[in-house]
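See structure below.
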Amino acid sequence: MRVVPGSSPSSAAACSKRRRICRKGFDSSVAAGRVTGSAMSARGGGREEAGGRRRIAPDRRRRPGRAGKWPARLESARGRPQDGRMEQRDLRRFRPRRLPVVELDGGRILAVEPALPMLRRLGLDTVAGAVSCQRGELVRQAGRRRTRRLATEEGDFFLKVYPKAGHLERWLGWLVGLRSPGRREWDNIRLLRRAAFDVPEMVAVGEETAGPFRPGGSFLLLRGIEGIRLDHFLAAGWPQPPGGSAAAGRERVLRDLAGMVRRLHSNGFFHRDLYCGHLIVTPDERWGRPFLIDLQRVGQRFPPRRRWLVKDLAALAYSAPPLVSRSDRLRFLLHYLCKSRVDPLVRRWWRQVAAKVERMRRHRPRHP
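Position one of the sequence shown corresponds to residue 2 (our numbering), numbered consecutively onward.
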């Protein structure tokens, strides 16, 4: 062991121990495999121009991380060999192709090049025009944050408009970096698409600054997803595959959903708002293909903190319809942990998730 000059052997040993823990990846309760993916940070950026206008830094073409390439079998889970495929996905098949991105409004807007005619036609080629847009249908308003559905010849789009940052976000900008809510969700979607997750297609993002270390108003334009929310999908009954039974359809849904959540966590991501209403099920040859939406609060950490994993699982359990029974929730957890029977590890996770669900029931949301 190499001791850095000026430091004690005990501190050097502690640093070495921390490095070994970080290299281990998931803790033993989830997986003992080494994290091989590179941490793709989504740091905001930009530079100030004359007149106080902020220029958005364009997407940097970084080398894609090795997301999705994980051990074929998790030793701590001791699952079956086919359970290792829950953390793998063919990137060549599911990773969408990149679209060229151009700058508008003096660099304050990033937009995909094929959408430029539509943006100019709707008046969304400037930050001021997008923030003050009154077109379409208002589908949600939480405080000063608005979400509108725009019906166009090219399909449905969703326009999210975020207000200026408050004083708390202004001072937090010194610590976490200056990024508007719209830019944070744009970066999160870009990272998830690179890791071959099913997320909405980005169209445009824009932001302006209201002062030093204080993001101004911002907006995000996404292409709509044609499907049904997961809670409404499950409330209508378990799908029955052709030539199969309802029990087989139930098992297929539970296994696929558990595999998607496990792969999300294995790549270091955690959603923080993983409710059934934030999963859109689109038609697919199996039973459906769930897409993740509302990705503003998504984080990435290697390894992710266990409390964030528990929160994601509890959010799904809390928002599941009554049709999902207690045994269904247990089978979902068994698939998530790659277990075939209940053991002390499963019981510990079950207690933690159940305790988090009870706290969610007592919580009163600010914006229902």
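Idealized CB from N, CA, C, for every residue including glycine.
Check                                                                                                                    : Outcome
Residues near E138 in its chain [Cβ-Cβ closer than 7 Å; skip 5 each side]                                                : R149 and R150
Outcome for D106 when other beta-carbon atoms lying within 10 angstroms are tallied against a minimum of 16              : buried
Rounded separation between Q301 and L310 - CA only                                                                       : 11 Å
Own chain residues within Cβ distance below 7 Å of A356, not counting five before or after                               : none
Cut-off 8 Å between Cβ atoms - residues of its own chain near E359, not counting five sequence neighbours on either side : none
Pairwise C-alpha distance: R332 and F198                                                                                 : 23 Å
Straight-line Cα distance separating G250 from A259                                                                      : 14 Å
Within the stretch 331-368, ranges of the alpha helix (DSSP H) (whole runs, at least 4 residues)                         : 345-363
Status (buried if at least 16 other CB within 10 Å, exposed otherwise) for F95                                           : exposed
Inter-stretch contact at 8 Å, needing at least 3 Cβ pairs: the stretch 290-300 / the stretch 264-278                     : yes
Same chain, Cβ closer than 6 Å to P322, five either side skipped, listed in chain order                                  : D232, L235 and A236
Alpha-carbon to alpha-carbon, E286 and A247                                                                              : 16 Å
Three-state secondary structure assigned by DSSP to D157                                                                 : strand
Where L324 falls, given that 16 or more other Cβ within 10 Å makes a residue buried                                      : exposed
Nearest-angstrom Cα separation, counted from R263 out to A318                                                            : 15 Å
Where F292 sits in the DSSP three-state scheme                                                                           : strand
CB contact flag (E155, M203, <8 Å)                                                                                       : no
For V200, the nearest candidate out of R224, R184 and G238 (CA to CA)                                                    : R224
Reduced DSSP category for F234 - H, G, I as helix; E, B as strand; rest coil                                             : helix
Counted within 10 angstroms of its Cβ, other Cβ atoms place A228 as buried (16 or more) or exposed                       : Here residue 228 turns out to be Gly, not Ala, going by the sequence shown. Label assigned to G228: buried.
Bridge partners - G107, DSSP secondary structure assignment                                                              : According to DSSP, G107 bridges with nothing at all.
Residues that DSSP places opposite Q142 in a beta bridge                                                                 : R147
Status (buried if at least 16 other CB within 10 Å, exposed otherwise) for D313                                          : buried
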